[in-house]
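In UniProt numbering, the protein residues as written are 1 to 187. Notes for the one structure printed next.
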């Protein structure tokens with residue numbers, strides 16, 4: 001028996017998929033047009049931009065601010081809690097769920113990467129990829145230029161230093177920094 005699921009269904013399940021096919025191509029065209037419009041909205045009011053965010057993202061809490069330019073893979077897998085803030089030039093590769101908690105502050109040029117690739121070169125040669133969800137808790141502060149890798153969970157009230165590469169989970173209330181990011185011992 002062969003798997004009859006679409007590439008999009010496989011992607012959303014976090015399984016190996018090829019980023020093509022009619023559904024994903026249509027989704028890509030839709031989000032590309034939306035990003036062009038959103039990223040030209042610097043002069044728009046915060047309310048106008050929030051309405052635009054609600055058009056493309058999976059869930060947008062009250063008072064969310066994302067300063068353009070902003071880039072994402074699909075948008076519909078992103079959930080952002082009330083009062084969260086993302087500064088200029090952030091990237092969210094949302095092939096699976098990316099959750100950002102309420103009141104979280106994200107600095108400029110932060111990359112949140114839920115997209116991943118097989119370690120086996122034969123699978124990569126077949127253009128297969130997969131996703132692992134990223135969860136960022138509430139009241140987290142992520143410094144500019146940080147990179148959050150696939151499958152990472154950052155607990156509530158954590159701090160991620162600017163330029164850090166977060167490769168593993170960060171507990172609630174912890175401060176982590178560096179490449180790879182390490183949790184700073186509490187005093």
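Glycine included, each C-beta is placed from N, C-alpha and C at the ideal position. All of these numbers come straight from a predicted model, not from anything done at the bench.
Name the one or two DSSP bridge partners that residue i has.
i, result
"residue 111", "91, 147"
"residue 17", "129"
"residue 104", "None; residue 104 has no bridge partner."
"residue 142", "106, 160"
"residue 182", "177"
"residue 65", "85"
"residue 54", "Paired residues: none, contrary to the question."
"residue 152", "Its beta-bridge partners do not exist; DSSP assigns none."
Since residue i is in the beta strand (DSSP E), which residue starts that stretch and which ends it?
i, result
"residue 79", "78-80"
"residue 2", "Per DSSP, residue 2 belongs to no beta strand (DSSP E) and is neither H nor E."
"residue 134", "134-136"
Are there 16 or more other CB atoms within 10 angstroms of the CB of residue i, so buried, or fewer, so exposed?
i, result
"residue 73", "buried"
"residue 42", "exposed"
"residue 164", "buried"
"residue 3", "exposed"
"residue 57", "buried"
"residue 94", "buried"
Determine the direct distance from the alpha carbon of residue j to that of residue i, and round the result to whole angstroms.
i, j, result
"residue 99", "residue 54", "15 Å"
"residue 213", "residue 115", "Within the shown structure, residues of the chain are numbered from 1 to 187, placing residue 213 beyond reach of any answer."
"residue 59", "residue 70", "16 Å"
"residue 90", "residue 175", "21 Å"
"residue 19", "residue 30", "15 Å"
"residue 141", "residue 39", "23 Å"
"residue 37", "residue 83", "23 Å"
"residue 11", "residue 44", "34 Å"
"residue 178", "residue 16", "30 Å"
"residue 62", "residue 136", "17 Å"
Any heavy atom of the ligand FAD closer than 6 Å to the Cβ of residue i?
i, result
"residue 127", "Annotation note on the ligand FAD: not contained in the displayed structure, which lists no ligands."
With a CB to CB cut of under 8 Å and the five nearest residues on each side skipped, what residues in its chain are close to residue i?
i, result
"residue 138", "81, 101, 102, 103, 104, 156, 157"
"residue 27", "8, 74, 76"
"residue 167", "149, 152, 180, 181"
"residue 34", "52, 55, 56, 75"
For residue i, report the span of its alpha helix (DSSP H) as first-last.
i, result
"residue 203", "Since the first residue shown for the chain is 1 and the last is 187, residue 203 is missing from the structure and cannot be characterised."
"residue 28", "22-38"
"residue 119", "Unbroken run through residue 119: none, as it is neither H nor E."
"residue 44", "That residue, residue 44, is in no alpha helix (DSSP H); it is neither H nor E in DSSP."
Grab me the residues of residue i's own chain with a C-beta within less than 6 Å of its C-beta, minus the 5 sequence neighbours each way, in chain order.
i, result
"residue 162", "143, 144, 145"
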